[in-house]
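In this note's numbering, the protein residues as written are 4 to 285.
Built from N, CA and C at the ideal position, the CB exists for glycine as well.
These notes concern the structure reproduced below.
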Amino acid sequence: MIMVQEKVSELQDKFQRAMFMYSQLDNEKSALLYEIDLLKDDMEEKEQLLSQANRESRDLTSEVKLLKRTVDGLNAQHMALRAEIAQRDQIIHVSIGVLFFSRSTPLVFSQSTIALIEKAVPGSSSIDEKVKRLNKKMRQQVEEAEQSLYARRTARADYANSAHNGVLNEDLQRDAAKQLAEIKFKLQEAERENTNYQGVLRDKENALDEAKETNRHLQNRIEKLHAEYHFHFFLPALECYYYQSAFVDTPNIIFTFFLPALECHYYQSAFVDVACYRFLLI
């Protein structure tokens, strides 16, 4: 009987120890399940962040492509404007020549155009040099925009690699946003410069029209002066032959007799050379 009681007490002790171990294991199981839930929540949060980063990367890629197309369009427009200005300068120098205004140096710009150029490029250099400096500045801005786009593209590739590896770099995102803002600012500056450049082009066209109008008035005045000289200084004893030269359109007079005194005044204008003859009979 005593042995049975001892075995029962021994079994009770083992049962109590087993229950204690079971409670410990149950507590450990609960702790592990809680940690698993935390890890699942953390994984879901990181998956959401990764999806958001991928969406932002796609948006930035589309925006960079759009900005690159804008830069290419501005470059093409800039080259077209340069070619058009060069063509107009050639037409000005060939058809009209050098225009002289109030200054002794030759100019092909109006006063409003000169004011715009001096406002955009201050300094004491000539107008042609300022226009060249303005073109050089625009080219530098375009090159800087291209370099920024290249840097942005490289940073985007690094960002995509880090996202696939599960590493999110916030500094890279801030740097990308900063570079994007710089690109937008430079594009706005380039558009403003392009607008000023178009204004300069319009002023040059107005100057060209004014020069053509001035040339037309001068030619009409020269023709009237020729008609007046031929009418007032015609002499009965003067036989002259009027012929057209093969090189210029100025009428030439061949005198068939000698006068006692011949006074000739030669007038030179900025566009054509006119010879006016005044005869003094003694």
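Helix, strand or coil: which one does DSSP assign to residue i?
i      : result
Gly126 : coil
Gly100 : Residue placement at Gly100 is flagged as unreliable, the pLDDT there being 44, under the threshold of 50; a coordinate-derived value is accordingly withheld.
Between which two residues does the alpha helix (DSSP H) containing residue i stretch?
i     : result
Ile95 : That residue, Ile95, is in no alpha helix (DSSP H); it is neither H nor E in DSSP.
Note down, in chain order, each residue of its chain lying with its Cβ closer than 8 Å to the Cβ of residue i, except the 5 sequence neighbours on either side.
i      : result
Pro239 : Here Pro239 scores only 45 on pLDDT, less than 50, and its place in the model should not be relied on; the value that follows carries that caveat. So the list is empty, once near-sequence residues are dropped.
Glu185 : Ser151
Arg85  : Asn138
Val145 : Val74, Leu77, Asn78, His81, Ala193
Met141 : His81, Ala193, Glu196, Asn197, Tyr200
Apart from the five residues just before and just after residue i, which ones in its own chain have a Cβ nearer than 7 Å to its Cβ?
i      : result
Gln247 : Low local confidence applies: a pLDDT of 39 at Gln247 is under 50, so the model's placement there is unreliable, with the coordinate-based value given in what follows. Hits under 7 Å: none found.
Ser33  : none
**Q.** 3-residue-minimum beta strand (DSSP E) runs that sit fully inside the segment 26-60, ordered along the chain
**A.** none
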